[in-house]
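The structure appears below as structure tokens.
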Amino acid sequence: MPKKTQLFLGVRRNNGQIGYLSESLTIPEFFELIRPSREGGLGLIDFSPVIEALHAKHAKLAEQSILEKYNAVFNYWQESKSYSNIQIKLPKFESLSLLANELITSLHFIIDESKTAYSHRRTSEPGKNLATVKSLENYCNIYIDALLCFIHSKASLEIESFQNDVTLGGYCDYLHSVFSELFNRVVEYSTFENRFMLDGSSLLYYIAFKDNEAIKDYTKLLPSFDMNQDLRLHLLTNSCSEQSYNWHNEPATKIEVEYRNPDYQELEAARILRDLLCKIKSLSDLIKLLKKGGVDWEPSQDSVDALKQLVSNQNAL
0 MPKKTQLFLG
10 VRRNNGQIGY
20 LSESLTIPEF
30 FELIRPSREG
40 GLGLIDFSPV
50 IEALHAKHAK
60 LAEQSILEKY
70 NAVFNYWQES
80 KSYSNIQIKL
90 PKFESLSLLA
100 NELITSLHFI
110 IDESKTAYSH
120 RRTSEPGKNL
130 ATVKSLENYC
140 NIYIDALLCF
150 IHSKASLEIE
160 SFQNDVTLGG
170 YCDYLHSVFS
180 ELFNRVVEYS
190 TFENRFMLDG
200 SSLLYYIAFK
210 DNEAIKDYTK
220 LLPSFDMNQD
230 LRLHLLTNSC
240 SEQSYNWHNE
250 PATKIEVEYR
260 NPDYQELEAA
270 RILRDLLCKI
280 KSLSDLIKLL
290 KKGGVDWEPS
300 QDSVDALKQL
310 VSNQNAL
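Once you know that position 159 of the sequence shown is 158 in numbering that gives the first Met the number 0, the rest is easy, because the numbers rise by one and skip nothing.
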């Protein structure tokens, strides 16, 4: 059986980016924290180093009212995980769940209010829209961190209880609904018609022509999108043609392809939302795997130390 460090060192994605979900932190996708155990089954590794690393990064970005609640959740989680007696852990978990739900409820209100500040690029400045998306990114990250505290405590107390859980999955569904809708607006994809406008206005046409390898990381997040579709070919087949002559003065057909050059701030907003949706999906996949059952809690210190080393050594890979 390979050591845990070897397992974690083997999860980098081909694109080198989305496989790691915490900006500069080399943290594997959340669902990959469930690993084959030595006993032949599946085990959820004690991922407390992940929560600690994320708190150190995201607490710096929270506004005061949210920071106080976020720190309360984190500090209570950190204190409660030090106990091994289930009679002590149970009331600690109940208190933690109350604090986490209070934070999440506040974030629901703020996210719903903040998302209305985003306007179409023709009616708003790109910088204002990017600022809105960055603000929502901070709230989303803290929301996810709170869920991770909840999941960790619940798993360490009674991991089988996930099979009857509906609350955590519902929280993920909420996040996906909000950020998917905003992502579709930013890339100008019509969910009503399941298509882009044919005038090349979507910034994804620009990405397709400039870096077609990266486009799949965006289009896979769109509802009802045919992943076999090439956006470049899509524009080409819907472009105008005119009769012309080639260099040898022979009759020829000229096809003109036109797509919009988006502002760099639009591209950054799309990238942020893309990464957030990948994080949300990864967290949702973790909860779904736990809900299926058959996963044990693995609190071994070797696994914790291996993950801690990976998280702290950002340049290891």
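Note that CB positions come from ideal geometry on N, CA and C, so glycine has one too.
These numbers come from a predicted model, not from an experiment.
Task: Rounded separation between I44 and A305 - CA only - done: 10 Å
TODO: Could you tell me if K127 is buried or exposed, where buried requires 16 or more neighbouring beta carbons within 10 angstroms of its beta carbon?
DONE: exposed
- [ ] Would you tell me roughly how many angstroms separate the C-alpha atoms of E38 and I109, rounded to the nearest one?
- [x] 45 Å
Open item on the list: Per the DSSP calculation, T252 is bridged to which residue(s)?
Closed with: The bridge partners DSSP lists for T252 are Q242.
- [ ] Check D295 in the structure and name its three-state DSSP category.
- [x] strand
Task: Length of the line joining the Cα atoms of Y75 and A52 - done: 16 Å
Open item on the list: Give me the residue from P298, K56, K280 with the minimum Cα distance to V177.
Closed with: K280
TODO: With L129 as the anchor, note down where its alpha helix (DSSP H) starts and where it stops.
DONE: 125-157
- [ ] Have a look at L276 and K209 and give me their C-alpha separation to the nearest angstrom.
- [x] 23 Å
Open item on the list: To the nearest angstrom, how far is the alpha carbon of I214 from that of A207?
Closed with: 6 Å
Task: Nearest-angstrom beta carbon gap, L174 and C139 [assumed within contact, 8 Å] - done: 6 Å
TODO: Express the C-alpha separation of F224 and S23 in angstroms, rounding to a whole number.
DONE: Below a pLDDT of 50, predicted positions are generally treated as unreliable, and S23, at 44, falls in that range; the measurement from the model is reported next regardless. Whole-angstrom Cα-Cα distance: 30 Å.
TODO: Say whether the stretch 86-105 touches the stretch 61-78, bearing in mind that this needs 3 or more beta-carbon pairs closer than 8 Å, one atom from each stretch.
DONE: yes
TODO: Mark K291 as exposed unless 16 or more other C-beta atoms lie within 10 angstroms of its C-beta, in which case mark it buried.
DONE: exposed
Open item on the list: Just verifying my parser: in three-state terms, what is the DSSP assignment at R231?
Closed with: helix
Task: Own chain residues within Cβ distance below 6 Å of N137, not counting five before or after - done: L60
Task: Cβ pair L146, S113 closer than 8 Å - done: no
Task: Beta-carbon proximity of L235 to I254, cut-off 8 Å - done: yes
Open item on the list: One question on the structure: do H119 and S47 come within less than 8 Å of each other, judged by their Cβ atoms?
Closed with: In this structure, S47 does not lie closer than 8 Å to H119 by Cβ.
Task: Residue burial classification, I141 (beta-carbon count within 10 angstroms, cutoff 16) - done: buried
Task: Limits of the unbroken alpha helix (DSSP H) element including L167 - done: 166-186
- [ ] Could you please give me the residues that DSSP links to I44 through a beta bridge?
- [x] E297
Open item on the list: Considering only the alpha carbon of each residue, which of L285, L41, E297, E62 lies closest to L167?
Closed with: L285
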